[in-house]
Amino acid sequence: MKAKRLFSLLAIILCLTLVLSACGKAPEKEEEPEPAVDPVPDETVKPVDAEFPTEIIGDYHEKNAGRGQLSLVYVDETTGEVFIHWASSAFQSTEWNFIVKYDPDRNVLVYENGTAVDIVYESEEEHTDTERYTDGHGYFEIGEDSLTWHDEKETINDASVFVRNSEEENPLDPWLETEDLTEAVNGSGVSLYPPLEGEGVPEGMHFWKYRYMEGTIMVYFESVNDQLIIGKSTTMKERELAGDFNEYTHEWDVSLKGLAVHCYGDGERANLMTFHVDDEYWAMTFNSGYEGEGLTASEMQSIIMDMQ
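Per this note's numbering, the sequence shown starts with residue 1, numbered consecutively.
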């Protein structure tokens, strides 16, 4: 009888132990769902090219000296092509060719892999072409009837501004060109005694041409690397006469045998010089825009004194 009670008591204790163990057991942790993974973008998709602004297509000329000629032509809906011809002297020029794309965010035409070719003329029919580079890069800033060229391949000068040729511009262009001094003097009504090669002008420079219109006469001298332009006028003066609107770091005055000459350049060598005698105004440019490659005071004096 006692054994039966003992067995019943042990059974009760065992049941209570199982119940209490089940009550104290922590619930099993549910598995958290894995975070969603964004799809990997397709890196092969290229950005869409912007539509080319056809309204800027046309012919332009360099604003200051007018020696650079630019043509922008249409290639397709996203592409244009730029041709530039720049005469650096009577017998030497450079031609550039760029395929351009439109960047609407910056409002510019961007190019890379541009080409440049230097051309030296032995005669009117014969010339030698030398490839300068084939990896040009830069951009053209689009303005109102203008394109400003920022050349990132050769930063030898400030940005060049090209203005659109108007339809009426060429027929009404008042400037005429000649190699005959008498024709230029009679056509302008302005007397001129140009400096002589090997005397007044720097060594190695040669006469190129005269440009004239009523009230103004210009004479051009060239060498392989340098250009000298002398202008005399009764209707224009200073920078308007010179056609040089480049920014220079220094302005100063020199007195050349009593003649006051106002100079622009690096402070020692002048790229732009203006002066007047009575009601006649003069302007000289030497390598316009290229500071450090101008004329010294003694070179200015040689040129001016040789024209007296």
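Positions of the beta carbon are idealized from the N, C-alpha and C atoms, including for glycine.
With 16 or more other CB atoms across the displayed protein chains lying within 10 angstroms of its CB, isoleucine 217 is buried.
Distance from the CA atom of proline 202 to the CA atom of glutamate 51, rounded to whole angstroms, is 51 Å. When secondary structure is reduced to three states using DSSP, valine 224 falls in the coil class, being assigned neither helix nor strand. Relative to aspartate 180, the option among Phe207, Ala159, Gly198 and Glu197 whose CA is nearest is Phe207.
Under DSSP, the beta-bridge partners assigned to glutamate 62 are Phe162.
Counting along the chain, asparagine 271 sits inside the beta strand (DSSP E) bounded by residues 270–277. Contact annotation: the stretch 235–244 touches the stretch 62–82, with at least three C-beta pairs closer than 8 Å. The three-state secondary structure of glutamate 251, taken from DSSP, is strand. With a contact defined as Cβ atoms closer than 8 Å, asparagine 271 and serine 288 qualify at about 6 Å. At a Cβ-Cβ threshold of 9 Å, tyrosine 281 and glycine 265 do not count as neighbours. Here DSSP, grouped into helix, strand and coil, assigns valine 190 to coil.
Rounded to whole angstroms, the separation of the alpha carbons of threonine 78 and methionine 284 is 44 Å.
If the five residues before and after histidine 262 are omitted, its C-beta is found closer than 6 Å to the C-beta atoms of Asp253 and Thr274, all from its own chain and listed in chain order.
Annotated three-state conformation of valine 100 is strand, per DSSP. In this structure, Thr182 is the residue among Thr182, Gly68, Gln227 and Gln92 with its C-alpha nearest to the C-alpha of leucine 192.
Taking a contact to require three or more Cβ pairs closer than 8 Å, the stretch 95–103 and the stretch 111–123 qualify as touching. Between the alpha carbons of threonine 128 and isoleucine 84 lies a gap of roughly 18 Å. Straight-line measurement puts the Cα of leucine 70 at about 7 Å from the Cα of phenylalanine 162.
Excluding sequence positions up to five before and after proline 194, its CB lies within less than 6 Å of the CB of Val219, all in the same chain and listed in chain order. When only Cα atoms are considered, tyrosine 60 and valine 75 end up about 18 Å apart. Between the alpha carbons of threonine 234 and aspartate 278 lies a distance of about 10 Å. Contact check for valine 100 against glycine 80 passes: the beta carbons are separated by less than 9 Å.
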